[in-house]
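In what follows, a single structure is set out as structure tokens and then discussed.
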Amino acid sequence: MRTTLSIAGVAAFIFLLATIPFSITITEGNLGIDFQVILFYVKDYFASIGNGEIFHYQVGKSGTYNLLADLPPYFLTSLQYLTLSGFITICMSMLVSAWSSKSKREWVKDIIGFLGTLPDFILILFLQLGVVFIYQSTGFKIAKVASRSADENAFLLPLITLTLIPTIYLIRTLSERTYDVLAEDYILSAKAKGLKKRHIYMHHVIRNVLPYLKADLHKVIAIMMSNLFIVEYLFNVRGLTTLLFGGTMYQYNLVVNTLFSLVLLYLLIYWLLRLLILIMERVFAHG
Numbered sequence: 261m262r263t264t265l266s267i268a269g270v271a272a273f274i275f276l277l278a279t280i281p282f283s284i285t286i287t288e289g290n291l292g293i294d295f296q297v298i299l300f301y302v303k304d305y306f307a308s309i310g311n312g313e314i315f316h317y318q319v320g321k322s323g324t325y326n327l328l329a330d331l332p333p334y335f336l337t338s339l340q341y342l343t344l345s346g347f348i349t350i351c352m353s354m355l356v357s358a359w360s361s362k363s364k365r366e367w368v369k370d371i372i373g374f375l376g377t378l379p380d381f382i383l384i385l386f387l388q389l390g391v392v393f394i395y396q397s398t399g400f401k402i403a404k405v406a407s408r409s410a411d412e413n414a415f416l417l418p419l420i421t422l423t424l425i426p427t428i429y430l431i432r433t434l435s436e437r438t439y440d441v442l443a444e445d446y447i448l449s450a451k452a453k454g455l456k457k458r459h460i461y462m463h464h465v466i467r468n469v470l471p472y473l474k475a476d477l478h479k480v481i482a483i484m485m486s487n488l489f490i491v492e493y494l495f496n497v498r499g500l501t502t503l504l505f506g507g508t509m510y511q512y513n514l515v516v517n518t519l520f521s522l523v524l525l526y527l528l529i530y531w532l533l534r535l536l537i538l539i540m541e542r543v544f545a546h547g
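Numbering (my numbering), first residue to last: 261 to 547.
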């Protein structure tokens, strides 16, 4: 019952969100919502199921396209970037947080904190300028600064951008949790027994930090998904968000279908990362 209500709530929110450009009215300086407009577009969406136009969309004046045929490449591109960045984020944050919790090098923590304050678009600009500077200085091209076509998407810089901010968030969170775990009595007892630090971290610390990682997983994916909009736009990556912002006109059916696809993408990424955490739990618990 709870799952059904959640699905219905998400669907209702998507239908409502997609109508905002049409339903918001300003009359004599007062902001209002025209619910008749909302009902009209929602009814029209379901009516388009019967006539087969639900997956039709238009790009400029070049004609009508079928979203079912065009969606998979966009979806898989976004899935690829998010999956790789998610895996890297979890692995890097676990390693760095374990080191950071026992390190006395405050300047490293200050750098991590500073990088966490940088807005996405500033980070992207610095990365692109850095690549251009290295290329002009050495003639060596280390990465593409943007995608030129759907077959030649930029890879390294978008991946760095998607990975860096959630990684910094997790490092700061997990470092505190790791420090707390290291102060527990059973850890102190393990040290007193002469167990090696590596054994303590591998079999006691990490597996007791993983539940905190699992609890923060929704926040991490939310950060990655919000970054995805900026990354795909500024790097000209042909991902799902391109369908939202790449057209010359606002198309309700296209927006609704793309938002549903983004929800599906979110769920896939969540369960893939949960699978990774499950594997880590098995490895470090039974190692």
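Don't be surprised by glycine CBs; every beta carbon is placed ideally from N, CA and C.
Sequence-distant residues of its chain with Cβ nearer than 7 Å to residue 450 (five each side left out): 460 and 464
Go ahead and label residue 548 buried or exposed: buried means 16 or more other beta carbons lie within 10 angstroms of its beta carbon, across all protein chains shown. No answer is possible for residue 548: it lies beyond the span of the chain, which begins at 261 and ends at 547.
Under 8 Å between the Cβ atoms of residue 422 and residue 484? yes
Express the C-alpha separation of residue 341 and residue 334 in angstroms, rounding to a whole number. 11 Å
Pair within 8 Å by beta-carbon distance, residue 469 and residue 501: no
Within its chain, find whatever has a CB closer than 6 Å to the CB of residue 298; leave out the 5 residues flanking it on each side and keep chain order. 279 and 283
If I measure Cβ to Cβ from residue 352 and keep anything under 7 Å in the same chain, skipping five residues before and after, which residues do I get? 427
Of the listed residues 378, 519, 440 and 319, nearest to residue 274 (C-alpha basis): 519
Secondary structure of residue 285, DSSP reduced to three states: strand
So who's on the other strand from residue 317, going by DSSP bridges? 325
Among the residues of its own chain, which have a CB less than 8 Å from the CB of residue 288, if the five just before and after it don't count? none
For residue 360, collect the residues of the same chain with a Cβ closer than 6 Å to its Cβ; drop the 5 residues on either side in sequence, then sort them by chain order. 435
For residue 202 versus residue 338, is the C-beta distance shorter than 8 Å? This structure cannot settle anything about residue 202, because the visible part of the chain is limited to 261 through 547.
Do residue 480 and residue 419 have their C-beta atoms within less than 8 Å of each other? no
Do residue 433 and residue 476 have their CB atoms nearer than 8 Å? yes
Whose C-beta lies closer than 6 Å to the C-beta of residue 301 among residues of the same chain, with five residues either side of it excluded? 279 and 512
With DSSP as the reference, please indicate the residues paired to residue 290 in a beta bridge. 287
At the level of alpha carbons, what is the spacing between residue 525 and residue 514? 16 Å
Expected contact under 8 Å - CB spacing of residue 406 and residue 496 to nearest Å: 5 Å
Exposure label - residue 454; buried when at least 16 CB within 10 Å: exposed
Looking only at its chain, what residues have a beta carbon closer than 6 Å to the beta carbon of residue 357, apart from the 5 residues adjacent to it on each side? 431, 434, 435 and 438
Output needed for residue 395: all residues of its chain with C-beta closer than 6 Å, excluding positions within five of it in sequence on either side, in chain order. 401
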